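*Asks:*
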Amino acid sequence: MALNDAEIENLLRGDMSDIEDFNDDEDDLNEEQIIIQHIAEITEFIDLNNAEMDNLEREQCLLDGEISLTQDLLNKSDNTEEADVEKENEQLPANWVTGSWEN
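Going by our numbering, the residue at position 53 of the sequence shown is 94; the numbering climbs one at a time, nothing skipped.
1) Quick one: is Leu52 buried, meaning 16 or more other Cβ sit within 10 Å of its Cβ, or exposed?
2) When the Cα of Asp46 is compared with those of Thr111, Asp95, Glu85, which residue comes out closest?
3) What span of residues does the alpha helix (DSSP H) with Ala46 cover, start to end?
4) Let me know the secondary structure DSSP gives Asp56 once reduced to three states.
5) By the 10 Å Cβ neighbour count, where 16 or more other Cβ atoms means buried, how is Glu73 classified, buried or exposed?
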């Protein structure tokens, strides 16, 4: 019998009222097998959650790297634009402030 997420949560809290197999009058050996099966299912559930958390952490690291790279590119672009403006200003005639474009 497979447990759904709600049953697993209840079992972890110690509430076994909604799990039929624990309420049946079965022999001790069968109950032990059922408990072992449920423990295996819970372990698998935890392992899957841990794997998902690892994946999410890796994705977050990748996103952080992409954000950093994008910010670096934006900063470089800003610096390049500033350098271009300064270069253009340097090429203006010396008396451009007077309104005369003659040298």
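The beta-carbon is built from N, C-alpha and C at its ideal position, and this holds for glycine as well.
Owing to the predicted nature of the structure, the values given are computational and were not obtained by experimental measurement.
*Replies:* So, from the listed chains and residues:
1) By the neighbour-count rule (16 or more Cβ atoms within 10 Å), Leu52 is buried.
2) The shortest Cα separation from Asp46 among Thr111, Asp95, Glu85 belongs to Glu85.
3) Correcting the residue identity first, residue 46 is Asp in this sequence and not Ala. Segment 46–53, the alpha helix (DSSP H) holding Asp46.
4) Look at Asp56 here: in three-state DSSP terms it is coil, with no helix or strand label.
5) Exposed, by the Cβ-count rule.
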